[in-house]
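Participant: Provided herewith is a single structure, encoded as structure tokens, for subsequent inquiry.
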Amino acid sequence: MPLLQSMVHRLDPTLDGERLTLTAAPQSSEQGQAPSDDAVMTSLVGALNDTYNTKPKGWGRFAEEGEHAGPLAVWLRDYLAGDKRFYELSVELAERLTKQLQEQLSVSGYLVVSHQRQGDTETLLIALVHQREGIGIDRDHHAVPAAQLNTSQLTLAARINLTQWQSEAPNAQYVSFLKDRGGKKLAEGLVALLGMEEGVDAPAETRTLLKAFSDYVESEDFDEEVSREKTDTLVDYANEQLRRGEPMTLEELSGLVNEQQPKAFYEHIRNADYGLSPEIPPDKRTLSQFRRFTGRAGGVSISFDSHLLGSSIEYDAAQDRLIIKQVPKQLREQLTKQD
């Protein structure tokens, strides 16, 4: 992951605890770093991206007008056009964030702003990193206090897919931000900073996609082994996109799920009108709960998606029996013919 630009500023509450203050990095820090320092910074940004990818997020795009519109889109255009220095961009971001979060004094820490490239995609990451006290060993082999950045715990961060934004693709969700249940105020502050309007609900869209996939597998009547392979393909693709910080594309997923008929799953989604967006940000929590229960014994073979348990399928542990409330149409027709 080439790191194109990076800058670190510090946010702290005043001694009286009444407001938040910004200590910007010295302008000299923009002149470049030693190779060893640059490698450490690259490692830091990589760790932050890895943590960010695992967190629940909100998605959207820049608001072009109205109360949600902000100056960030203009600043970014100036920066990418070469009319604004990265240092200036990062300070403007830090100043605006400080104003937005004046009442959130717990957000003190180091604000990392980085412009990075991965493959053909360029992104801008904004992340507030907290410092924690640790223990290190000095040159004399003595234990000494050692402050560390806690890269595994983020409460405030956002990422902009600059490449996707510049492509001007309609309805593209190129802005994401951390959206944890316990950090509603922080999320609201980020939305205001970004000047964005929320779009896709990642958990809901992911759940709908998994429902569409289950319906597709059932309609095609794949055997147990093929169904498991296709489930693994979907989950692997979703997790890879999650790791890369990119959305799932329905057409690409369709080709992976059924290589012989690459459009089949995509057409199933469109024909059934699930209302899914062409690109869906994967939700880690929803994906982690998705798996198939399978079993075979005494001439009986059963396979179903875990999310059906408790709704259309119930398990009575006391009598060790499975209750199917909605019998598949094909099976029902076969049973009816036996009467």
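The working numbering numbers the first residue of the sequence shown as 1 and each following residue consecutively. Where is the CB? At the ideal position from N, CA and C, for every residue including glycine. Only a predicted model underlies this, so the values are computations on that prediction, with no experimental measurement involved.
In the DSSP assignment, what are the bridge partners of G134?
Facilitator: For the purposes of this step, residue 134 is taken as residue 134 along the sequence shown, with counting starting at 1. Beta-bridge pairing links G134 to A146.
Participant: Can you give me the start and stop residues for the beta strand (DSSP E) that F177 sits inside?
Facilitator: To locate residue 177, count along the sequence shown from 1; it is residue 177. Note, F177: beta strand (DSSP E), V175 to L178.
Participant: Would you kindly work out how many angstroms separate the C-alpha atoms of L22 and D232, rounded to a whole number?
Facilitator: Sequence index remark: in the sequence shown, residue 22 carries index 22 (1-based). Sequence index remark: in the sequence shown, residue 232 carries index 232 (1-based). Cα to Cα, the separation comes out at about 47 Å.
Participant: Since E88 sits in a beta bridge, which residues does DSSP pair it with?
Facilitator: The residue you call residue 88 lines up with position 88 of the sequence shown. Paired residues: none, contrary to the question.
Participant: Need the endpoints of the beta strand (DSSP E) that Q116 sits in, please.
Facilitator: Translated into positions along the sequence shown, residue 116 becomes position 116. Unbroken beta strand (DSSP E) run through Q116: G109 to Q118.
Participant: Assign Y315 to one of two classes, buried (16 or more other C-beta atoms within 10 Å of its C-beta) or exposed (fewer than that).
Facilitator: Counted from its first residue, the sequence shown places residue 315 at position 315. Per the 10 Å Cβ criterion, exposed.
Participant: How about the region 71-79 and the region 199-215: do they share at least three Cβ pairs that are nearer than 8 Å?
Facilitator: Taking 8 Å as the limit for Cβ pairs, the verdict is that the region 199-215 does not touch the region 71-79.
Participant: Please list the terminal residues of the continuous beta strand (DSSP E) segment that includes Y274.
Facilitator: The residue given as residue 274 occupies position 274 in the sequence shown. Per DSSP, Y274 belongs to no beta strand (DSSP E) and is neither H nor E.
Participant: With E251 as the anchor, note down where its beta strand (DSSP E) starts and where it stops.
Facilitator: Here residue 251 corresponds to residue number 251 of the sequence shown, with the count starting at 1. No beta strand (DSSP E) contains E251, which is instead part of the alpha helix (DSSP H) from L250 to V257.
Participant: Confirm the yes/no value for this check: CB of E259, any heavy atom of the ligand COA, distance under 8 Å.
Facilitator: Ligands are entirely absent from the displayed structure, and the ligand COA is therefore not among its contents.
Participant: Give me, in chain order, the residues of the same chain whose beta-carbon lies closer than 7 Å to that of S36; leave out the 5 immediate sequence neighbours on both sides.
Facilitator: The residue given as residue 36 occupies position 36 in the sequence shown. Its pLDDT being 47, under 50, S36 is placed unreliably in this model, and the value from its coordinates should be taken loosely. Taken in chain order, the list of residues that qualify is empty.
Participant: Under the rule that 16 or more other beta-carbon atoms within 10 Å means buried, what is N150, buried or exposed?
Facilitator: On the sequence shown, residue 150 is found 150 positions in, with the first residue counted as 1. It counts as exposed.
Participant: Following the continuous alpha helix (DSSP H) through K263, name the residue where it begins and the one where it ends.
Facilitator: The residue you call residue 263 lines up with position 263 of the sequence shown. Per DSSP, K263 belongs to no alpha helix (DSSP H) and is neither H nor E.
Participant: Just to confirm before moving on: does the CB-CB distance between K230 and N258 stay below 9 Å?
Facilitator: Along the sequence shown, one-based indexing puts residue 230 at 230. Along the sequence shown, one-based indexing puts residue 258 at 258. Result yes, Cβ atoms of K230 and N258 sit closer than 9 Å.
Participant: If I'm right that I135 touches A143 with Cβ under 8 Å, what's the distance once you round it to whole angstroms?
Facilitator: Residue mapping note: residue 135 aligns to position 135 of the sequence shown, counting from 1. Residue mapping note: residue 143 aligns to position 143 of the sequence shown, counting from 1. With 8 Å as the limit, I135 and A143 qualify as a contact, their Cβ atoms being about 6 Å apart.
Participant: Between L250 and P278, how many whole angstroms is the CB-CB distance? I'm expecting something under 8 Å.
Facilitator: Taking the first residue of the sequence shown as position 1, residue 250 is located at position 250. Taking the first residue of the sequence shown as position 1, residue 278 is located at position 278. Sure, about 6 Å apart at Cβ, within 8 Å.
Participant: Can you check whether the CB of Q148 is closer than 9 Å to the CB of E133?
Facilitator: Position 133 of the sequence shown, counted from the first residue, corresponds to residue 133. Position 148 of the sequence shown, counted from the first residue, corresponds to residue 148. Result yes, Cβ atoms of E133 and Q148 sit closer than 9 Å.
Participant: Excluding the five sequence neighbours on either side, which residues of its own chain have a C-beta within less than 8 Å of the C-beta of L322, listed in chain order?
Facilitator: Numbered from 1 along the sequence shown, position 322 holds the residue referred to as residue 322. Cβ within range, chain order: I302, I313, E314, Y315 and D316.
Participant: For the structure I just gave you, are there three or more beta carbon pairs, one from the region 195-202 and one from the region 52-71, closer than 8 Å?
Facilitator: Contact holds: three or more Cβ-Cβ distances are below 8 Å.
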